[in-house]
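Chemist: Before anything else, here's the structure in question.
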Amino acid sequence: MLCLGVGLSSSVADLIARSRAFASKGVPDHFHDAMYWKTIDAETVQCELCPRGCTLSEGQRGFCRVREPRSGKLYTAAYGAVCAAHVDPIEKKPLFHFLPGSTAFSIATAGCNFRCKSCQNWQISQVRPEDVKNTPMSPRQIVDAALRSGSQTIAYTYTDPAIFYEYMLDTAKEVKAAGLRNMCHSNGSLNPEAVEEISLYLDAANIDLKGFTQEYYSGFAAGYLDTVLETLERLKRNKVWLEVTTLVVPTMNDDTGTIRKMCEWFSEHLGVDVPLHFSRFWPQYKLANLYPTPVETLEKARETALSAGLRYVYIGNVPGHPAENTYCHACKAPVIRRSGYTILANEVRNGKCAFCGADIPGVWK
Ligand code: SF4
């Protein structure tokens, strides 16, 4: 495993001194041109990357803590500022129907456009890029590191890749040119034009569908449900291999009626072959006083999804649970057996079940 280190690096005094230095120099050296924004007036711009649509004046940072205007132009502070890099099993993303048993060279920069109360990476997602230790890496250096690690895929993950969009896009182009694959794990909160553009280079995505009411999205994540649903449909339409994760948080989004509505929408708009992962919540960050999701709650959610017609429904964060396996929708045989992130057996042959020959949807080679 390669780890570039994650941690707070600066005292408050350092940061104040640095921001004064920035102001005196105009555009800081680490800033990079941002995409997707428009001019409001000489000193104000509006960011159009995500649905929050921050209107920002000179020196003001966006909600994501990454994008900032200088002299009437919008910049990103996240470009090339890698704060985490690891070689992970693709199953950890999670992608269960995409090159099983392979690894993904996984990167993040600091910042996020959500405020999830149970964020497991809050030390890097809820800070500015300037607040953590970074290793500068060009897109080409990412590709070289991925090749050295033997990974077939580069994963944009840990924080939300929406906020390092320009870096993800440039890297994704290099990755494709090198014959490797791209995947992202995202909250899906990105405006349609940006989704269209990155879709050209994405091979796979795991998008969080955190719940199925705007009330929950507002209270839990400070996010927008409609945009996430639109992103899911758009990625599916653009033939990006899609899997979806729902973190089931006890007492907050575990209502069976709402999960049923979500699964009915899922079946109708994404289809029954898109895998859905119900993931177990573990107490942390702002929900440290809540209890872990009971396994029975996850099993009930899975039964609800199966009864809505979904064919590939998994339970995550419960190592050894039988719902980690992939079962053929036709003969019900376990075609891929897993324990945690480890593949115990893979009986998918050329995209088909080795037992009955039915197609198993996914990217297998
Ligand atoms: S990407 Fe950041 S700056 Fe842009 S609208 Fe979203 S939160 Fe605001």
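For the sequence shown, this note's numbering gives the first residue as 947, with consecutive numbering after it.
Built from N, CA and C at the ideal position, the CB exists for glycine as well.
Bear in mind the structure is a predicted one, so any value in this text is a computation, not a measurement.
Can you find a CB in chain D that lies within less than 9 Å of the CB of Pro1307?
Modeler: In the structure shown, chain D cannot be found, because there is only a single protein chain.
Chemist: Under 9 Å between the Cβ atoms of Asn1199 and Lys1156?
Modeler: The answer is yes: Cβ separation under 9 Å.
Chemist: Please report the straight-line C-alpha distance between Glu1293 and Ala1276, rounded to a whole angstrom.
Modeler: Rounded to the nearest angstrom, the two C-alpha atoms are 14 Å apart.
Chemist: Just checking, does the stretch 1182-1194 make contact with the stretch 1226-1240 on the three C-beta pairs under 8 Å criterion?
Modeler: At 8 Å Cβ cutoff, the stretches touch.
Chemist: Using only the alpha-carbon positions, how far apart do Arg998 and Gly1005 sit?
Modeler: So the alpha carbons of these two residues sit roughly 18 Å apart.
Chemist: In whole angstroms, what separates the C-alpha of Ser970 from that of Tyr1025?
Modeler: With a pLDDT of only 42 at Ser970, under the threshold of 50, the placement of this residue in the model should not be trusted; the figure read from the coordinates follows. When rounded, the distance between both Cα atoms is 21 Å.
Chemist: Please identify the residue among Glu994, Val1028 and Pro1046 whose C-alpha is closest to the C-alpha of Gly1297.
Modeler: The shortest Cα separation from Gly1297 among Glu994, Val1028 and Pro1046 belongs to Pro1046.
Chemist: I'd like the list of long-range same chain contacts for Thr1177, defined as Cβ closer than 7 Å, with 5 residues on each side in sequence excluded.
Modeler: So the qualifying residues of the chain are Gly1134, Leu1136, Val1141 and Ile1153.
Chemist: Give me whichever residues DSSP pairs with Gly1157 in a beta bridge.
Modeler: BP columns for Gly1157 are empty, so no partner.
Chemist: Straight-line CA distance for Ala1092 to Thr1272?
Modeler: Using only the alpha carbons, I get a separation of about 28 Å.
Chemist: Thinking C-beta only, is Pro1075 closer than 9 Å to Gly1262?
Modeler: No, these two residues do not count as a Cβ contact at 9 Å.
Chemist: How about Leu1150 and Phe1044: do their beta carbons lie closer than 9 Å?
Modeler: Note that residue 1150 is Ala in the sequence shown here, rather than Leu. A contact, by the Cβ cut-off of 9 Å.
Chemist: Cα-Cα, which of His1131, Met1208 and Gln1098 is closest to Ile1109?
Modeler: Considering only alpha carbons, the answer is His1131.
Chemist: Who does Pro1015 pair with in a DSSP beta bridge?
Modeler: Answer is Leu1020, bridged to Pro1015.
Chemist: Could you tell me the alpha carbon to alpha carbon distance between Glu1249 and Pro1240, rounded to whole angstroms?
Modeler: Their backbone Cα atoms lie some 15 Å apart in a straight line.
Chemist: Less than 6 Å between C-beta atoms, sequence neighbours within five positions excluded: which residues of the same chain meet that for Pro1280?
Modeler: Excluding positions up to five away in sequence, the list reads Asn1271 and Tyr1273.
Chemist: Quick check: does the Cβ of Arg998 come within less than 8 Å of any heavy atom belonging to the ligand SF4?
Modeler: Arg998 Cβ: within cutoff of the ligand SF4.
Chemist: Since Ala1056 contacts Cys1029 with CB under 8 Å, what's their CB separation in whole angstroms?
Modeler: Confirmed, about 5 Å.
Chemist: With respect to 8 Å, is the separation between the Cβ of Ile1153 and the closest non-hydrogen atom of the ligand SF4 below this value?
Modeler: Not under cutoff, so the answer is no.
Chemist: Alpha carbon to alpha carbon, how far is Cys1010 from Asp1106? Give it in angstroms, no decimals.
Modeler: Rounded to whole angstroms, Asp1106 to Cys1010 spans 10 Å at the Cα level.
Chemist: Compute the Euclidean distance between the alpha carbons of Ser1064 and Ala1234, then round it to the nearest angstrom.
Modeler: In a straight line, the C-alpha of Ser1064 is about 8 Å away from that of Ala1234.
Chemist: By the three-class DSSP mapping on this structure, what secondary structure does Phe1051 have?
Modeler: Strand.
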